[in-house]
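Worksheet for the structure shown next.
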Amino acid sequence: GDRIIGINGEKKEWKDITPILRSSAKKEVVLLVERNNQEISLPVTLASRTVDGEERGFLGIINEFGLVRENPIKAMGSSFAATGSIVQGSLKALIGLPAQIPSLIRQTFLGEERTADGLVGIVGVARASGETVSSGNLTTGEKFATFILIVASLNIFVGIFNLLPILPLDGGHMAVALYEGLRRASARRRGKADPGPVDVEKLTPITMIVFVALAFLTLLLLFADIFNPINLNL
1 GDRIIGINGE KKEWKDITPI LRSSAKKEVV LLVERNNQEI SLPVTLASRT
51 VDGEERGFLG IINEFGLVRE NPIKAMGSSF AATGSIVQGS LKALIGLPAQ
101 IPSLIRQTFL GEERTADGLV GIVGVARASG ETVSSGNLTT GEKFATFILI
151 VASLNIFVGI FNLLPILPLD GGHMAVALYE GLRRASARRR GKADPGPVDV
201 EKLTPITMIV FVALAFLTLL LLFADIFNPI NLNL
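Note that my numbering gives residue 50 to position 50 of the sequence shown, counting from 1, and the numbers run on in steps of one.
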(Lines of atoms letter the chains of each structure in order from A and count residues from 1; the text may use other names and numbers.)
(Lines give C-alpha, C1' and ligand atoms only; values in the text may rest on other atoms or scores of the structure.)
Protein backbone atom coordinates (compact mmCIF):
# COMPACT_ATOMS: atom_id res chain seq x y z
CA GLY A 1 0.00 0.00 0.00
CA ASP A 2 0.89 3.67 -0.03
CA ARG A 3 3.28 5.01 2.59
CA ILE A 4 3.04 8.65 3.64
CA ILE A 5 6.58 9.96 4.06
CA GLY A 6 6.08 13.73 4.12
CA ILE A 7 3.78 16.70 3.80
CA ASN A 8 3.87 20.04 1.99
CA GLY A 9 7.19 19.31 0.32
CA GLU A 10 9.02 18.15 3.45
CA LYS A 11 9.83 14.59 4.48
CA LYS A 12 8.56 13.91 8.01
CA GLU A 13 7.76 11.06 10.37
CA TRP A 14 4.08 10.20 10.86
CA LYS A 15 4.15 11.55 14.42
CA ASP A 16 5.21 14.93 13.01
CA ILE A 17 2.65 14.81 10.19
CA THR A 18 -0.33 14.20 12.50
CA PRO A 19 -0.25 17.65 14.22
CA ILE A 20 -0.13 19.35 10.82
CA LEU A 21 -3.18 17.41 9.64
CA ARG A 22 -5.06 18.25 12.84
CA SER A 23 -4.44 21.97 12.43
CA SER A 24 -5.38 22.02 8.73
CA ALA A 25 -9.16 21.57 8.87
CA LYS A 26 -10.83 22.51 5.55
CA LYS A 27 -7.42 23.31 4.08
CA GLU A 28 -5.49 21.71 1.24
CA VAL A 29 -2.25 19.90 2.02
CA VAL A 30 0.12 18.02 -0.26
CA LEU A 31 1.04 14.55 0.94
CA LEU A 32 4.33 13.01 -0.15
CA VAL A 33 3.55 9.34 -0.75
CA GLU A 34 5.78 6.37 -1.53
CA ARG A 35 3.99 4.11 -4.02
CA ASN A 36 5.68 1.20 -5.81
CA ASN A 37 9.11 2.52 -4.78
CA GLN A 38 8.32 5.92 -6.30
CA GLU A 39 7.59 9.20 -4.56
CA ILE A 40 4.47 11.05 -5.68
CA SER A 41 2.67 14.16 -4.41
CA LEU A 42 -1.05 13.97 -3.69
CA PRO A 43 -3.00 17.19 -2.94
CA VAL A 44 -5.92 16.59 -0.57
CA THR A 45 -8.43 18.85 1.16
CA LEU A 46 -9.03 17.82 4.75
CA ALA A 47 -12.47 17.41 6.23
CA SER A 48 -13.31 18.92 9.62
CA ARG A 49 -14.30 17.32 12.92
CA THR A 50 -14.89 18.85 16.33
CA VAL A 51 -12.99 16.95 19.04
CA ASP A 52 -12.68 18.19 22.64
CA GLY A 53 -14.37 21.42 21.54
CA GLU A 54 -11.64 22.04 18.94
CA GLU A 55 -11.96 21.94 15.17
CA ARG A 56 -9.50 19.42 13.76
CA GLY A 57 -8.54 18.31 10.28
CA PHE A 58 -9.70 14.82 9.31
CA LEU A 59 -8.17 12.75 6.51
CA GLY A 60 -9.98 9.43 7.00
CA ILE A 61 -6.99 7.10 7.12
CA ILE A 62 -5.61 4.84 9.85
CA ASN A 63 -1.93 4.30 10.45
CA GLU A 64 -0.67 0.73 10.12
CA PHE A 65 1.67 -0.83 12.64
CA GLY A 66 4.85 -2.50 11.42
CA LEU A 67 8.24 -3.74 12.52
CA VAL A 68 11.56 -2.05 11.82
CA ARG A 69 14.61 -4.19 12.50
CA GLU A 70 17.72 -2.42 13.81
CA ASN A 71 21.11 -3.50 15.08
CA PRO A 72 21.59 -3.45 18.89
CA ILE A 73 23.47 -0.14 18.95
CA LYS A 74 20.93 1.68 16.80
CA ALA A 75 18.08 0.02 18.71
CA MET A 76 19.49 1.39 21.97
CA GLY A 77 19.45 4.90 20.56
CA SER A 78 15.91 4.38 19.28
CA SER A 79 14.80 3.16 22.72
CA PHE A 80 16.19 6.29 24.38
CA ALA A 81 14.44 8.43 21.77
CA ALA A 82 11.17 6.55 22.32
CA THR A 83 11.47 6.95 26.10
CA GLY A 84 12.15 10.66 25.68
CA SER A 85 9.09 10.94 23.46
CA ILE A 86 6.96 9.22 26.11
CA VAL A 87 8.31 11.51 28.84
CA GLN A 88 7.65 14.56 26.68
CA GLY A 89 4.13 13.37 25.94
CA SER A 90 3.52 12.68 29.64
CA LEU A 91 4.67 16.18 30.61
CA LYS A 92 2.49 17.71 27.90
CA ALA A 93 -0.51 15.66 29.05
CA LEU A 94 0.14 16.63 32.68
CA ILE A 95 0.34 20.34 31.88
CA GLY A 96 -2.84 20.14 29.81
CA LEU A 97 -4.70 17.99 32.33
CA PRO A 98 -6.90 20.74 33.85
CA ALA A 99 -7.95 21.96 30.40
CA GLN A 100 -9.08 18.45 29.42
CA ILE A 101 -11.53 18.05 32.31
CA PRO A 102 -14.45 19.97 30.65
CA SER A 103 -14.13 17.96 27.42
CA LEU A 104 -13.88 14.72 29.44
CA ILE A 105 -17.15 15.61 31.18
CA ARG A 106 -18.81 16.18 27.78
CA GLN A 107 -17.39 12.90 26.49
CA THR A 108 -18.67 11.05 29.55
CA PHE A 109 -22.20 12.41 29.81
CA LEU A 110 -22.97 13.95 26.39
CA GLY A 111 -21.47 11.27 24.15
CA GLU A 112 -18.82 13.48 22.56
CA GLU A 113 -16.23 11.48 20.63
CA ARG A 114 -13.10 10.43 22.52
CA THR A 115 -9.69 10.31 20.88
CA ALA A 116 -6.94 7.74 21.39
CA ASP A 117 -4.60 10.41 22.77
CA GLY A 118 -7.06 11.53 25.45
CA LEU A 119 -7.20 10.75 29.16
CA VAL A 120 -7.90 7.17 30.25
CA GLY A 121 -8.27 5.51 33.62
CA ILE A 122 -7.57 2.02 34.93
CA VAL A 123 -10.53 0.54 33.05
CA GLY A 124 -9.40 2.23 29.84
CA VAL A 125 -5.87 0.87 30.22
CA ALA A 126 -7.23 -2.63 30.86
CA ARG A 127 -9.53 -2.35 27.84
CA ALA A 128 -6.66 -1.15 25.64
CA SER A 129 -4.49 -4.03 26.82
CA GLY A 130 -7.28 -6.51 26.11
CA GLU A 131 -7.89 -4.99 22.68
CA THR A 132 -4.19 -5.34 21.92
CA VAL A 133 -4.02 -9.00 22.95
CA SER A 134 -7.21 -9.97 21.08
CA SER A 135 -6.38 -8.06 17.87
CA GLY A 136 -6.28 -10.18 14.74
CA ASN A 137 -4.25 -7.58 12.86
CA LEU A 138 -1.13 -7.87 15.03
CA THR A 139 1.43 -10.64 15.25
CA THR A 140 2.39 -12.12 18.61
CA GLY A 141 5.53 -9.97 18.69
CA GLU A 142 3.57 -6.82 17.86
CA LYS A 143 0.99 -7.62 20.55
CA PHE A 144 3.74 -8.09 23.13
CA ALA A 145 5.55 -4.90 22.08
CA THR A 146 2.33 -2.84 22.13
CA PHE A 147 1.39 -4.21 25.56
CA ILE A 148 4.85 -3.36 26.95
CA LEU A 149 4.56 0.13 25.44
CA ILE A 150 1.18 0.68 27.14
CA VAL A 151 2.52 -0.49 30.51
CA ALA A 152 5.71 1.58 30.17
CA SER A 153 3.79 4.72 29.17
CA LEU A 154 1.43 4.31 32.12
CA ASN A 155 4.27 3.85 34.61
CA ILE A 156 6.21 6.84 33.28
CA PHE A 157 3.14 9.07 33.50
CA VAL A 158 2.30 7.90 37.02
CA GLY A 159 5.92 8.38 38.08
CA ILE A 160 6.03 11.95 36.75
CA PHE A 161 2.61 12.73 38.24
CA ASN A 162 3.76 11.42 41.62
CA LEU A 163 6.67 13.88 41.58
CA LEU A 164 4.38 16.92 41.59
CA PRO A 165 5.32 19.02 44.65
CA ILE A 166 1.91 18.76 46.30
CA LEU A 167 0.77 16.63 49.22
CA PRO A 168 -0.15 13.79 49.56
CA LEU A 169 2.02 12.86 46.54
CA ASP A 170 5.64 11.81 47.06
CA GLY A 171 6.73 15.01 45.35
CA GLY A 172 4.98 16.95 48.11
CA HIS A 173 6.90 15.10 50.83
CA MET A 174 10.13 15.68 48.89
CA ALA A 175 9.33 19.39 48.67
CA VAL A 176 8.72 19.57 52.43
CA ALA A 177 11.99 17.73 53.16
CA LEU A 178 13.87 20.03 50.77
CA TYR A 179 12.35 23.11 52.42
CA GLU A 180 13.34 21.81 55.86
CA GLY A 181 16.91 21.22 54.68
CA LEU A 182 17.19 24.69 53.18
CA ARG A 183 15.73 26.25 56.32
CA ARG A 184 18.22 24.39 58.56
CA ALA A 185 21.13 25.36 56.31
CA SER A 186 20.03 29.00 56.40
CA ALA A 187 19.77 28.89 60.20
CA ARG A 188 23.27 27.42 60.53
CA ARG A 189 24.76 30.10 58.30
CA ARG A 190 23.18 32.79 60.46
CA GLY A 191 24.28 31.08 63.69
CA LYS A 192 20.72 30.41 64.83
CA ALA A 193 19.18 27.33 66.43
CA ASP A 194 17.68 24.51 64.38
CA PRO A 195 14.12 25.65 63.52
CA GLY A 196 12.89 22.05 63.70
CA PRO A 197 10.59 20.17 61.35
CA VAL A 198 7.83 21.82 59.33
CA ASP A 199 4.33 21.55 60.78
CA VAL A 200 2.79 19.44 58.01
CA GLU A 201 -0.64 19.62 59.66
CA LYS A 202 -0.93 23.22 58.45
CA LEU A 203 -0.96 21.81 54.91
CA THR A 204 -3.91 19.52 55.65
CA PRO A 205 -6.48 21.73 53.82
CA ILE A 206 -4.34 21.64 50.65
CA THR A 207 -3.90 17.89 51.03
CA MET A 208 -7.67 17.40 51.29
CA ILE A 209 -8.31 19.55 48.21
CA VAL A 210 -5.80 17.51 46.20
CA PHE A 211 -7.30 14.26 47.50
CA VAL A 212 -10.84 15.30 46.52
CA ALA A 213 -9.63 16.43 43.07
CA LEU A 214 -7.87 13.10 42.49
CA ALA A 215 -10.94 11.16 43.63
CA PHE A 216 -13.17 13.20 41.30
CA LEU A 217 -10.82 12.61 38.34
CA THR A 218 -10.63 8.88 39.10
CA LEU A 219 -14.42 8.51 39.17
CA LEU A 220 -14.83 10.65 36.04
CA LEU A 221 -12.34 8.51 34.13
CA LEU A 222 -14.05 5.36 35.41
CA PHE A 223 -17.43 6.47 34.04
CA ALA A 224 -15.85 7.68 30.78
CA ASP A 225 -14.05 4.38 30.20
CA ILE A 226 -17.24 2.40 30.87
CA PHE A 227 -19.84 4.45 28.99
CA ASN A 228 -17.72 5.97 26.21
CA PRO A 229 -14.57 3.86 25.81
CA ILE A 230 -11.67 4.73 23.53
CA ASN A 231 -11.26 2.53 20.47
CA LEU A 232 -7.67 1.96 19.34
CA ASN A 233 -8.66 0.40 15.99
CA LEU A 234 -6.05 -2.34 16.35
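Every residue, glycine too, gets a C-beta built ideally from N, C-alpha and C.
Inter-residue Cα distance where the pair is residue i and residue j
i: N155; j: M76; result: 20 Å
i: L67; j: A177; result: 46 Å
i: S103; j: G53; result: 7 Å
i: L119; j: Q100; result: 8 Å
i: P197; j: Y179; result: 10 Å
i: S186; j: I206; result: 26 Å
i: R190; j: R184; result: 10 Å
i: K11; j: P43; result: 15 Å
i: N231; j: S79; result: 26 Å
Residue i: CB within 7 Å of a non-hydrogen atom of the ligand NAD
i: A193; result: As far as ligands go, the structure on display features none, and thus does not contain the ligand NAD.
Check whether residue i and residue j have beta carbons under 8 Å apart
i: A224; j: Q107; result: yes
i: A81; j: G60; result: no
i: G121; j: T218; result: yes
i: I62; j: L32; result: no
i: E39; j: D2; result: no
i: I166; j: G159; result: no
Proximal residues to residue i (C-beta, below 6 Å), its chain only, five neighbours per side dropped
i: E112; result: R106
i: I20; result: I7
i: R241; result: Outside the modelled stretch of the chain, which goes from 1 to 234, sits residue 241, for which no answer is possible.
i: D170; result: N162
Sequence-distant residues of the same chain with beta carbon closer than 7 Å to residue i, five excluded per side
i: S129; result: F147, I150
i: F235; result: In the structure displayed, the chain extends from 1 to 234; residue 235 sits before or after that span and is not available.
Cβ neighbours of residue i in the same chain (closer than 8 Å, five flanking residues each side left out)
i: L263; result: The structure shown does not extend to residue 263, since the chain is modelled only from 1 through 234, so no value can be given for it.
i: A239; result: Because the chain spans 1 through 234 in this model, residue 239 falls outside it and cannot be assessed.
Quick one: complete alpha helix (DSSP H) runs, 4+ long, within the stretch 59 to 143? 72 to 95, 97 to 109, 122 to 134
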